[in-house]
Structures are given as structure tokens and as C-alpha cells.
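Chemist: Right, I'll just put the structure down here and ask away after.
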Amino acid sequence: MEKERFTSNPLEKAPPPSSPKMRRGFSLLLVLMFVMVMAVIGALTLEFMGTGNLHTRQSFMDVRAKLVARSAAEMSLMAIEAHDFSTSCLKQVNFSDPAFDVNVTFHYFMTNCGSCSPDYCTPIETPDTNGSVLLYLHVKSKFPSLFRVQTFRLTLQNP
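Numbered according to our numbering, the sequence shown spans residues 13 to 171.
Structure below.
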């Protein structure tokens, strides 16, 4: 009898190609794919946020190291002004910051080097630039595991 029902009326609608169970399974696949895509987008967002944070911290410490170098140059000039050159030349000064170590090395340009060693003094003939000093500043981070910053600065000053 059932054969007659399907064959007797050719205009009768055929059953759908997929059953309700297949449609539910396909919906489940779509939901899983959507969840996977959202998880990947979330993971990438977190990674980019972490990278941005690291870049911001590194940039901040670079700028801070340059400011420490500038301050060390000014403090070095004050140390040169306070030093008595009749006994010896000031060769090097070290400064310490909570985050950085600063090493400043001097090289003088004088008309009379006197008690300064030739390694740290160059005799010149122009009185206008007598007493000029070349400062070589090296700023290095104390905690390289947290942030690795190293800055060099070379400046010519006339105290």
C-alpha cells in the first residue's frame, strides 16, 4: 500500500533530502566553527594587547634612560667645576639610579694639561676652547631580565 501512495500521485511532494537530525548536526557544526573563530580572535587580541604593553614599557624605559643620561651630564659638569685640577684630573664619575647605572668618562682639551695624563687630556692652542671636556656617558639598566636598556651619549661641554 505504501508503494501505491508514493507512486499513485506524481505531483505529491517528495520528502526533504535531510532529516531533522541532519539539520541539528549541521547547526552544531556551525556553532562549533563560530566558537573556534571567536576563540582565535580573542587569543590574537590578547597577544596584541600584551605586545603593545611590552612596547610601551620599553619605550618608557628608553626615554627614562635618556633623561638619566642628560641629568648625569649636568651632574658631571658640576663635579668638574668642584674638582681641583692642580692635583689631578677627574677621569671618571659613576652615578646610580634605582633602575640604571651610569658611567661617565672625561677627556679634556686644555692649553696646559699639567697633572692630567695624556690618555685623558689633549693639549690645544686656542684659549677660547680651553677647559672643554668631552663626556662619554654610558647608561645601562640594572635589571636586564625585566628590561634591557643601554644608552650611549657623547657630548662636548665647556664648563
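All residues carry an ideal CB built from backbone N, CA and C; glycine is no exception.
Bear in mind that the values here come from a model prediction, so they are computed numbers and not experimental data.
Residue range of the beta strand (DSSP E) that D113 falls in?
Modeler: D113 -> beta strand (DSSP E) spans F112 to M122.
Chemist: Give the DSSP-derived three-state secondary structure of R69 in the structure shown.
Modeler: Three-state DSSP puts R69 in a helix.
Chemist: Which residues mark the beginning and the end of the beta strand (DSSP E) in which R160 is found?
Modeler: Neither: R160 is in no beta strand (DSSP E) and is coded neither H nor E.
Chemist: Report the partner residues of C125 according to the DSSP bridge assignment.
Modeler: In DSSP, C125 forms no bridge with anything.
Chemist: Looking at the structure shown, is T99 part of a helix, part of a strand, or coil, going by DSSP?
Modeler: The answer is coil: DSSP assigns T99 none of H, G, I, E or B.
Chemist: Could you tell me the distance, in whole angstroms, from the CA atom of F69 to the CA atom of F159?
Modeler: Reading the sequence as shown, one finds Arg at residue 69 and not Phe. Cα-Cα distance, rounded: 8 Å.
Chemist: What residues match up with K152 in a beta bridge as DSSP calls it?
Modeler: DSSP lists D113 and Q162 as partners of K152.
Chemist: In angstroms with no decimal places, state the Cα-to-Cα distance between N65 and K103.
Modeler: Whole-angstrom Cα-Cα distance: 40 Å.
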